[in-house]
Amino acid sequence: MSGSTEIDLSASAEPTGPGYVLRIVVLYPELMDVYADRGNLLAVRARCRTLGVGTDVTMLDVGDPMPDDADLVLIGGGQDREQRYVERDLHERGSTLRSWVEADAAMLAVCGGFQLFGHSYRTADGDELAGVGVFDCTTVAPPPGSVRFIGDVWGDAHQETVGDVVGFENHSGRTTLAPSAVPFARVRHGYGNNGEDGTEGAAYREAIGTYLHGPLLPKNPDLRDRLILAGLRHRYGRDVTLDLPPDPMAERAHASAVAVARKRGAKKRGRKSRRR
Ligand code: GLN
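Under my numbering, the sequence shown has 796 at position 233, and the numbering climbs by one with no breaks.
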């Protein structure tokens, strides 16, 4: 268990509804937490409280023992320095993480975490960091001073239950998916994996990798609910269903973020056409 954290984990939230408890593992919450990616945990816990689902959260730092199992694994983004720091520890957890993903545990790996959930990440300084191979992809950052991919992203998720997704990206790494790998989304606006092939992130079984910060889940409620349901089905079986009440606040956050991304996307396209 990690040291201090502003999220009150003193008592795991007890179930008040169907008696389900979601076991959540957060990897390196102090180090891999760019753009408030920790908000993804807060969004899942808040929604679970609404659903009457308990949560049992394990925050794992470098050197902490791995729990026996997890229903949902979360890892946020990190700069090259933090990624170097966690690389070895994460690599040692690789076989467990791969066994969990093959057993359909849900996972969400964001940006720097996504890059290290692929096969490798070459930093802007040329250091080759080993990934854990959950996703069939590799990432290479161009030399310092190259264009960083920064801005709002709006795209269409590959998963039919998720629809469109929106977030904010800030990365130098360019990710290439293997020919058989499935993207998380197709980009309508923004750079995505590499600014060229229109893909964003990666998806494998119930694991999602993405460049979308924000944090992502508070304004993408369909994705949040999909991860919760997948995690509960991992633990209690494929027949689990949930009565998902509407979440008007999250829907409004989603709609306003899409409007911003569309507006900024239109401006960028306008600037490009004027430069021609
Ligand atoms: N260090 C990685 C990159 O620059 C990831 C950055 C991040 O997590 N925002 O591509």
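Glycine included, C-beta positions come from ideal geometry on N, C-alpha and C.
Just so you know, these numbers come straight off a predicted model, no measurement behind them.
Bridge partners - residue i, DSSP secondary structure assignment
{"i": "M622", "result": "V589"}
{"i": "S683", "result": "A693 and T701"}
{"i": "N733", "result": "I713"}
{"i": "M670", "result": "V636 and A770"}
{"i": "H752", "result": "W717"}
{"i": "T659", "result": "Note: T659 sits in no beta bridge, so no partner."}
{"i": "H776", "result": "F731"}
Cβ-heavy atom distance, residue i to ligand 1, below 7 Å
{"i": "S743", "result": "no"}
{"i": "C700", "result": "no"}
{"i": "D643", "result": "yes"}
{"i": "N733", "result": "yes"}
{"i": "G675", "result": "yes"}
{"i": "A704", "result": "yes"}
{"i": "G640", "result": "yes"}
{"i": "V597", "result": "yes"}
{"i": "G755", "result": "no"}
{"i": "G758", "result": "no"}
{"i": "Q646", "result": "yes"}
Sequence-distant residues of the same chain with beta carbon closer than 7 Å to residue i, five excluded per side
{"i": "G580", "result": "L614, G615 and V616"}
{"i": "S573", "result": "Summary for S573: the model assigns pLDDT 45, below 50, so the residue's position carries little reliability; its value from the coordinates is reported in the next sentence. Here the set comprises nothing."}
{"i": "R789", "result": "Q722, T724 and V725"}
{"i": "S567", "result": "Reliability of the predicted coordinates at S567 is poor, the pLDDT of 44 falling under 50, and the value obtained from them is presented with this limitation in mind. So the list is empty, once near-sequence residues are dropped."}
Nonlocal neighbours in the same chain, by C-beta distance under 6 Å from residue i, ignoring five residues either side
{"i": "A672", "result": "I638, F680 and G772"}
{"i": "Y767", "result": "F698"}
{"i": "G794", "result": "L585, D634, L635 and A669"}
Would the segment 739–750 and the segment 647–667 be scored as touching if the rule is three or more Cβ pairs under 8 Å? no
Would you say the segment 592–602 touches the segment 774–787, given that touching needs at least three Cβ pairs under 8 Å? yes
Check whether the segment 809–827 and the segment 705–721 touch, using three or more Cβ-Cβ pairs below 8 Å as the test. yes
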